[in-house]
Amino acid sequence: MTGPSGFSGALARWVQSVLGPIQVVRDASHPRTNSQVWEVASRAGRHFVKVAPDPILYTRETRAYREAVPQLGHAGAPAMRDSSAELLALILTAVDGEPLKCEQSLARRRDAHRQAGQLLRRFHDVLPSRRAQSEAGAVIEATVTGLEKHIAAAGNHLSVTEADMLRRIVSALPAIGPLPCGLRHGDFWERNIIWTGRRCALIDYERSTPGPLVADFVKLATTVWPDLPELGTSLLAGYGRPLSDIEQQALVSFAAADAASALAYGPLHGDERVTARGRRTVERLTQEGRWR
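Here's what the structure looks like:
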């Protein structure tokens, strides 16, 4: 077996026990310290080996692959070939394509967003709303109570006036009303939509949890849709319904909470994209009272 350091020992032995001798290993990790992903090739084909950062994320991802991902169809997502709770590792089949953020054609991007909306709806519908509703309150409470921690961590990346604005917007979340609930993807944006130019697939389910479904639209609504609203229209057409009035209100509150989180995380980890997302949301909320 050839490959980068870190893919060795017990992990390598386990992978080879499942796939046979590994011919090629490519480090496919994201540029952060707790990301461990490799692309491997063997007689069994191309696969990805992923080591979760902690047991909670491992449990979330394996649950999603067992209960929800099969509903997306063979080409709509990777399949989990095997998993190891001891190693917090998964072996996933590879899907063709590149992250959708690489697509330059607006027409093809619209089609991809429509398809992604269809896949997201199938994923959301796996868990009946009544079963997810019981966890929605905890999600909303955590969003509200966690805001102060993020504001403090953001430091001088938020002015006093901006921080007070975010507090006001997020504090309105519990009173908005009952929201449609289900199993959320948890990290739904163009990096996790893989596109061949004709069809797309969803990846990366480690943040999948039950809760208000509208939270899954935050990242696209704060990054892509303000400049290209037609992509939001395409995605919701594929999803099969528009967001309700209360979901639109909740989306603003979730976006405000996300901005504080982004401005706490981005500067600390040198992630300019995350920092820019948070900054842009704050500026739009300040100017328009919403994100788009």
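Residue numbers for the sequence shown follow numbering that gives the first Met the number 0, beginning at 0 and rising by one.
Backbone N, C-alpha and C fix where the C-beta goes; we use that ideal spot for every residue, glycine too.
Here the structure is a predicted model, which is why all the values come from computation and not from measurement.
When the five nearest sequence neighbours on each side are left out, the beta carbons in the same chain lying within less than 8 angstroms of the beta carbon of Q70 are those of R121, F122, D124, V125, in order along the chain. Counting the other Cβ atoms within 10 Å of the Cβ of P127 gives fewer than 16, which makes it exposed. Counting along the chain, R129 sits inside the alpha helix (DSSP H) bounded by residues 128-144.
Counting of Cβ neighbours within 10 angstroms places A106 among the exposed residues, the total staying below 16. Rounded to the nearest whole angstrom, the CA to CA distance from S41 to R12 is 14 angstroms.
Rounded to whole angstroms, the separation of the alpha carbons of A131 and R190 is 26 angstroms. V50 and W188 have their C-alpha atoms spaced approximately 21 angstroms apart.
A check of alpha carbon separations from G19 across D95, G44, V159 identifies G44 as the nearest. Judged by DSSP in its simplified three-state form, A78 adopts coil rather than helix or strand. Distance from the CA atom of V143 to the CA atom of G96, rounded to whole angstroms, is 38 angstroms.
For D26, there is no enclosing alpha helix (DSSP H); the enclosing beta strand (DSSP E) has its first and last residue at 21-26. If you ignore the 5 residues before and after E271, its C-beta comes within less than 8 angstroms of the C-beta of G265, all in its own chain and listed in chain order.
Membership of S158 in any beta strand (DSSP E) is not indicated, and neither H nor E is assigned to it by DSSP. Taking C-alpha positions only, Y57 is separated from V68 by approximately 15 angstroms.
Around the beta carbon of C199, 16 or more other beta carbons lie within 10 angstroms, which makes this residue buried. Scanning R166, E287, E229, L10 for the CA closest to the CA of L86 turns up L10.
Beyond the five residues adjoining it in sequence on each side, R113 comes within less than 7 angstroms, by CB distance, of S233, L234, A236, G237 in the same chain, given in chain order. The alpha carbon of H156 has as its nearest neighbour, out of V273, R65, L230, the alpha carbon of V273. Here the alpha carbons of T32 and Q248 stand approximately 35 angstroms from one another. S260 is classed as buried because its beta carbon has at least 16 other beta carbons within 10 Å across all chains shown.
By the C-beta criterion, the region 169-183 is judged not to be in contact with the region 275-285, since fewer than 3 inter-stretch pairs fall below 8 angstroms.
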